[in-house]
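Worksheet: the structure to be examined is printed underneath.
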Amino acid sequence: MATKKINRRQAVKDMSLGLGAMSVIGSVIPEYIKDNLNEVSDPLESLLKGNVNHAACRWCYQNIPLPEFAEKGKEIGLKAIDLLKPDEWKIVQDAGLVCSLATDSFASITHGFNNAKNHEKLTSQYLKLISQASEAGIEQVIVFSGNRNGISEELGMENCAKGLDVLVKHAEKNNVTLLMELLNSKVDHKDYQCDHTPWGVALVDKIGSSNFKLLYDIYHMQIMEGDIITTIRKYHNYIAHYHTGGVPGRNEINEKQELNYPSIIHAIVDTGFKGYVAQEFIPTYENKLKALQEGIAICDV
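Per my numbering, the very first residue in the sequence shown carries number 238; after that it's consecutive.
In structure tokens form, the structure reads like this:
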């Protein structure tokens, strides 16, 4: 067989064309994304593929009144909104959405269940929140490990298991699942204890209840661990909820950041996941709903 000779210049040219094609593929966004949301003639929710339950975190859109955010969010494909307090639940329910993850003002990232001194107060507060969520038909409530403050990994896990025991049992009776969020301790939440997936997985095993699982935040775990898809495939049975965010910066999840979100979401869908994937990036676009719409499109695999 004759061998075709290719010189260095031609090889570089071919490589450049290949990289260019990859760049174009990575930046493709469905045609229904418009410059102005008002230009969309059909409900975008009807154009989505239906493989992903799209949600968004409320705190990223605080400048938009919640009734407006819920209404317009539904138009662009949201099924739910994360991190809502009890007085906000009915607002989104009236708009045809659900609260996918409940919280309240007492929930603290820094002062959590890894410190036994916090247990008494957190127990009374969370028992009430779990009951409220159950009565409102909300299935998930967020909890946090808290910062280490010198507490060892072993003691922190032991304290979390003890402090959460009565709450998990209450959650079981009320059809609610408690989710502990994995957060990075390098950039955003210095000293946070539940900052690696294996630690969270070990805590889930220690508690031993299907009503206690992990919230896997892709942004945070890319900073701490990387290897996102392999981790999801390995530990998907421990994960009940996902958050997104561009790395670095925690902004839009498009081609301007390092994570390949379509591939990540494909991996999540391939595990059979039926929960919510919630956008938790901080929009930089002037039209924040346009940024959210883009994020939903990117994750709609």
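Just so you know, even glycine gets a beta-carbon here, dropped at the ideal spot from N, CA and C.
Quantities reported herein were computed from a predicted structural model and do not represent experimental measurements.
A Cβ-Cβ contact shorter than 8 Å links valine 514 with alanine 292. Three or more Cβ pairs drawn from the stretch 335-350 and the stretch 358-366 lie within less than 8 Å of each other, which places the two stretches in contact. Ranked by Cα distance from asparagine 351, the options Val289, Glu409, Trp436 and Ile318 are led by Trp436. DSSP places glutamate 418 in the strand class (E or B) of the three-state scheme. Following the DSSP letters along the chain, one finds phenylalanine 306 inside the alpha helix (DSSP H) bounded by residues 303-312.
In terms of Cα proximity to glycine 287, the closest of Leu315, Ser371, Gln299 and Cys397 is Leu315. The continuous beta strand (DSSP E) containing histidine 291 extends over residues 290-294. By the C-beta criterion, the stretch 440-449 is judged not to be in contact with the stretch 458-466, since fewer than 3 inter-stretch pairs fall below 8 Å.
One alpha carbon belongs to isoleucine 505, the other to lysine 406, and they sit about 28 Å apart. Cβ-Cβ separation between cysteine 336 and alanine 317: approximately 7 Å, consistent with a contact (criterion under 8 Å).
If you compare the alpha carbons of Leu392, Val413 and Gly349 with that of glycine 383, the shortest gap goes to Gly349. Comparing alpha-carbon positions, the option among Arg385, Phe381, Thr434 and Asn411 lying closest to serine 371 turns out to be Asn411. Residue range 390-410 is occupied by the alpha helix (DSSP H) that includes valine 403.
Here lysine 322 carries a coil assignment [DSSP, helix/strand/coil]. When DSSP assignments are scanned along the stretch 429-498, the uninterrupted stretches of alpha helix (DSSP H) that are 4 or more residues long and fall wholly within it turn out to be 434-444, 455-461 and 465-472. Between isoleucine 375 and leucine 320, the CB-CB gap reaches or exceeds 8 Å. Secondary structure note for alanine 515: its beta strand (DSSP E) is the uninterrupted segment 513-516. Ranking Val413, Val289, Tyr298 and Asn290 by CA distance to the CA of asparagine 524 puts Tyr298 first.
By a beta-carbon distance limit of 8 Å, threonine 434 contacts methionine 458. Their separation comes to about 6 Å. For tyrosine 363, the closest of Thr340, Gly532 and Ala353 by C-alpha to C-alpha distance is Thr340. Straight through space, the alpha carbons of tyrosine 429 and glycine 387 are spaced by roughly 11 Å.
Per DSSP, cysteine 297 is not a residue of any beta strand (DSSP E), being assigned neither H nor E. An exposed status is given to threonine 521, since fewer than 16 other beta-carbon atoms sit within 10 Å of its beta-carbon.
In its chain, beyond the 5 residues on either side, Gln430 and Trp436 have a beta carbon closer than 8 Å to the beta carbon of glutamate 390.
Across the structure, threonine 468 and alanine 398 are spaced so that their CA atoms are roughly 23 Å apart. Alanine 317 carries a strand assignment under DSSP once its states are collapsed to helix, strand and coil.
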